[in-house]
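As C-alpha cells, the structure follows; a few thoughts come after it.
Chains as they are written, first to last, in my numbering: chain P, 7 to 268; chain D, 28 to 423.
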C-alpha cells in the first residue's frame, strides 16, 4: 500500500504577543516542533504498513527548516520525504495552501491512502485536509478515531461525532484525518534516526508543479484576507456575590443560563 | 501579480533589516538580502524597513459584482432529521446579519425522509428553506453532500453561508469552499456584516491569544463555520413563517465512495479531563452522603463530579476524580467549586478553566483570587435552591 502522510512544522508554543502600537505579531525566537496531531497520523500509517506492507511518504510545506519534521518522521519509521517550498507560496490561506499541497502530491505520484492530523496547533482550522481531498477528487473522512478493518480496496473507520460514532467504509484512494484517540504515537528511534541521516528529501518548488499559474498560489490565490489582528478582550473582571442562600442560588441559575448550560 | 520586491541599494544595515521579519523569511546570501519560503507576505519589512528597501507591488484584480449574490444561508446540521442546536444559533445570527443589508435568510437541508422533519424550521423566521430529500442522502457522505451544496449555491447564489463547526460541518464546509474556489473562515466567534455585503469574520488565532479579523473581499459566497454555543438561538415562534422549497438534483451527483455502515451512540465520557462542566467537592462538604447533592448538580448540568485532595484521601471519592498537581489537570468550559479553599496545588490543576465559579463561606479564601464569580456563602444554603430551579426548568 502506498501511504502519504501530510505533516507540518508549528511553533513550539502558542504564546505570542501583539505589538500594541503596530498591531503586529511578535514572534521572534520561537522554536519549532512537529504539529502534535501529525504524530497520530504517522503512527496510523506505521500500523497500517505493519499489517499490509507498503511505503510511507511524508510531505510538508514550508521553509527549508521544516525539513526537520521530515527527519523526525524518518526516525519514527517513514520511508520517503518531500517538502514543498517556494517564496511564491507565501501568504497562502486554506484554499491556496490546500491547492499547493495537492499539486505537490500529484508531483509525487499516486497514493492509496493519505493521512492527516486532525488539525494543526497554529492554524487550528482542521480545513486543509478536506480541501486537499477535494482538489484530488477523492473521498475523505475527518475525525477518525479508530481503524476497524483494512481491505484491499477499502478501509472501514470510525468517525467521532461528539455524541455518536459513525462507522463508514471508504474506498481507496481516500484521505483520512485522524484524532488523538486513534493510537499512541511511538517515540523516534535513535537507530532509525542514524540510518536515515543521509536519506534524500525531495524538494518541490513552484517550477516543479504542473499548474504554473501564479494566481493560484500564495497571497494571490487566497480568497480570505486577514484585515487586522488584535489582542482579545480579557474578561478577568471578578464579581463578588453576597446575599442569602436563595438570592445566590437564583443569581447562579441566571449565570448558568447566560453560559448556555440551562 | 502581487509581489514583494527587495531593493538592495536601499538597505544600509543588512542584519538590522533581516531582524525585522518575525518569521525568519529574510536571509543574507552573498552580501544580498533574499526572501525565502517562510515569507507570509505580512509586509512588515515594507512598513518597518528603510524606505524603498522592500516594496509591495499590488496588482489590481478585477472586482466581482457582489450585487449578484443575495441572502444569508445556514446549513441545517442533523442526524436522521434530529436538528443540531447549533443550527438554530446560526439562524439567529443569519437573521441579524441579513437585516443589516436587507437580504433574505435561507436554510439548506439535505437528507432522506425530510418532508415532515424540515417543518420545524418554519418556526424560526427563515424566508426560504431549501430541502434536498433523497434516499442517497440518508447519512452524511462527503461526495453527494458536497454536490448538493454546490447545486444550492449555484442556483440560489447566497452572499454568505454559515455552517456549524460540528464533525460534519468541519469537513463539509471546506470541501464545498474548495469546490467553489472561495474563502472559508473556521470557528468564528464574532460575525458582522458591512454595507457592501462583506462578512466580517473574527476568530481566535494562535491558541486564542490573538483575535484575527478576516474578510473575503472578492469572492462569493463567503463561508464561515461557528462552534456550538457561541451565538444565541432565537426564540421558537408558535406561528409558522417562510416557505419550504423541495429541490431536485440529477442522480449522477449522488454517487459516493463512502458507505455509512452504522451510527452508534457514544458511551458517556467518564473522565473529568473530558468534561465541559465540572462540579468540585471540597472540604466544605461535611458528610460523605452530601456528595450525592453535588453529583446531582453535575448531572443536571451535563457535567462530571470532581474533588480536591482531602476528599480523595478520605476515600469519599475516587482518586481519578481528584484535581490538582497530585491529581488531574482540567480545562473545562465551566467549573463550580463548592467549599474549596483553593490551595496552590489545587489551583494549578484548574486555573485554565474558561469560567470559574467559586462558592465558599470564607471571603478571604484563596480560591476567590482565581474565580470569575465569587459566591460568598454556604454551599448548603445555595446548592439545594439551585438544584430546585434547574429541575423545574427541565420539567417545563
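C-beta atoms are modelled at their ideal positions from N, C-alpha and C, and glycine is treated no differently.
Can you tell me the Cβ-Cβ gap for residue 243 of chain P and residue 94 of chain P, rounded? I've got them flagged as a contact below 8 Å.
About 47 Å; that fails the 8 Å criterion.
Our contact map puts residue 96 of chain P next to residue 224 of chain P with C-beta atoms below 8 Å; I'd like the distance itself, whole angstroms only.
Indeed they touch by this definition, with Cβ atoms about 5 Å apart.
Determine the closest residue to residue 380 of chain D out of D/63, D/309, D/363, D/141, with distance taken between C-alpha atoms.
Measuring from the Cα of residue 380 of chain D, the nearest candidate turns out to be D/363.
Name, please, each residue of chain P whose Cβ falls closer than 9 Å to the Cβ of residue 72 of chain D.
The contacting residues do not exist; residue 72 of chain D stays about 11 Å from chain P at best.
Any chance you could list the beta strand (DSSP E) runs of at least 3 consecutive residues sitting entirely within the segment 100-141 of chain D, in chain order?
For the segment 100-141 of chain D, whole beta strand (DSSP E) runs of length 3 or above, ordered along the chain, are 132-138.
Indicate the three-state DSSP secondary structure (helix, strand or coil) for residue 110 of chain P in the structure shown.
Note: residue 110 of chain P maps to helix in three-state DSSP.
Using a Cβ distance threshold of 8 Å, determine whether the segment 249-266 of chain D contacts the segment 310-325 of chain D, with at least three qualifying pairs required.
Contact between the segment 249-266 of chain D and the segment 310-325 of chain D is absent, because fewer than three Cβ pairs lie under 8 Å.
Have a look at residue 249 of chain P and residue 319 of chain D and give me their C-alpha separation to the nearest angstrom.
Each residue's alpha carbon lies about 25 Å from the other.
Using a C-beta cutoff of 9 Å, does residue 245 of chain D count as contacting chain P?
Interface residue, yes.
For a contact defined as C-beta to C-beta under 9 Å, what are the partners of residue 368 of chain D on chain P?
Going along chain P, no residue has its Cβ under 9 Å from residue 368 of chain D, so there is no contact; the nearest lies around 16 Å.
Does the beta carbon of residue 422 of chain D come closer than 9 Å to any beta carbon on chain P?
No - not a single Cβ of chain P is within 9 Å of the one on residue 422 of chain D.
Could you please give the first and the last residue of the uninterrupted alpha helix (DSSP H) stretch that includes residue 372 of chain D?
Where residue 372 of chain D is concerned, the enclosing alpha helix (DSSP H) stretches over 371-374.
Please state the DSSP three-state secondary structure of residue 38 of chain P.
In the structure shown, residue 38 of chain P sits in a strand (DSSP, three-state: E or B).
Pairs of beta-carbons, one from the segment 183-198 of chain P and one from the segment 76-84 of chain P, closer than 8 Å: are there three or more?
Contact between the segment 183-198 of chain P and the segment 76-84 of chain P is present, because at least three Cβ pairs lie under 8 Å.
Give the range of the alpha helix (DSSP H) segment to which residue 271 of chain P is assigned.
Here chain P comprises residues numbered 7 to 268, so residue 271 of chain P is not present and cannot be evaluated.
Have a look at residue 37 of chain P and residue 68 of chain P and give me their C-alpha separation to the nearest angstrom.
If you take the alpha carbons of residue 37 of chain P and residue 68 of chain P, they lie about 15 Å apart.
Please specify which runs of the beta strand (DSSP E), each continuous and at least 3 residues long, are wholly inside the segment 151-219 of chain D, giving them in chain order.
For the segment 151-219 of chain D, whole beta strand (DSSP E) runs of length 3 or above, ordered along the chain, are 155-160, 187-191.
Smallest Cα separation from residue 64 of chain D: which of D/77, D/36, D/31, D/57?
If we check each option's Cα against that of residue 64 of chain D, D/31 comes out closest.
In three-state DSSP terms, what is residue 236 of chain P?
Three-state DSSP puts residue 236 of chain P in a strand.
Along the chain, which unbroken stretches of the alpha helix (DSSP H) at least 4 residues long are found entirely within the segment 332-413 of chain D?
Those alpha helix (DSSP H) runs which fall completely within the segment 332-413 of chain D and span 4+ residues are 336-340, 371-374, 394-397.
What distance in whole Å lies between the Cβ atoms of residue 291 of chain D and residue 187 of chain P, which are believed to be in contact at a cut-off of 8 Å?
Wrong, their Cβ atoms sit about 15 Å apart, outside the cutoff.
Where in the segment 249-274 of chain D do unbroken runs of the beta strand (DSSP E), each at least 3 residues long, occur, reported from the N-terminal end onward?
Correct list: 249-253, 270-273.
Just verifying my parser: in three-state terms, what is the DSSP assignment at residue 146 of chain P?
Reduced to three states, the DSSP call for residue 146 of chain P is strand.
Given a limit of 7 Å on CB to CB distance, which residues of the segment 59-86 of chain D reach chain P?
Cβ contacts with chain P come from 62, 63, 64, 65, 66, 67, 68, 71.
On the DSSP bridge list, what partners appear for residue 125 of chain P?
DSSP, once it has assigned bridges, lists no residue as partnering residue 125 of chain P.
Can you give me the start and stop residues for the beta strand (DSSP E) that residue 90 of chain P sits inside?
86-90 is the extent of the beta strand (DSSP E) around residue 90 of chain P.
Which first and last residues belong to the beta strand (DSSP E) in which residue 83 of chain D is found?
Residue 83 of chain D -> beta strand (DSSP E) spans 81-84.
Tell me, please, which residues DSSP counts as bridged to residue 69 of chain P.
Note: residue 69 of chain P sits in no beta bridge, so no partner.
With which residues is residue 228 of chain D paired in a DSSP beta bridge?
Paired residues: D/218, D/241.
Quick one, which residues of the segment 323-341 of chain D are near chain P if we go by CB-CB under 8 Å, in chain order?
Cβ contacts with chain P come from 328, 329.
Express the C-alpha separation of residue 113 of chain D and residue 188 of chain D in angstroms, rounding to a whole number.
Their backbone Cα atoms lie some 14 Å apart in a straight line.
Going by DSSP, name the residue or residues bridged to residue 118 of chain P.
DSSP output for residue 118 of chain P lists no bridge partner at all.
At the 9 Å Cβ level, is residue 105 of chain D part of the contact set with chain P, yes or no?
With 9 Å as the cut-off, residue 105 of chain D does not count as an interface residue toward chain P.
What's the gap between the Cα of residue 270 of chain D and the Cα of residue 231 of chain D?
Distance between the alpha carbons of residue 270 of chain D and residue 231 of chain D is about 36 Å.
For the alpha helix (DSSP H) holding residue 200 of chain P, just list the boundary residues, first then last.
Note, residue 200 of chain P: alpha helix (DSSP H), 196-201.
If we cut at 9 Å on Cβ distances, does residue 411 of chain D have a partner in chain P?
Answer yes: the Cβ-Cβ gap between residue 411 of chain D and chain P drops below 9 Å somewhere.
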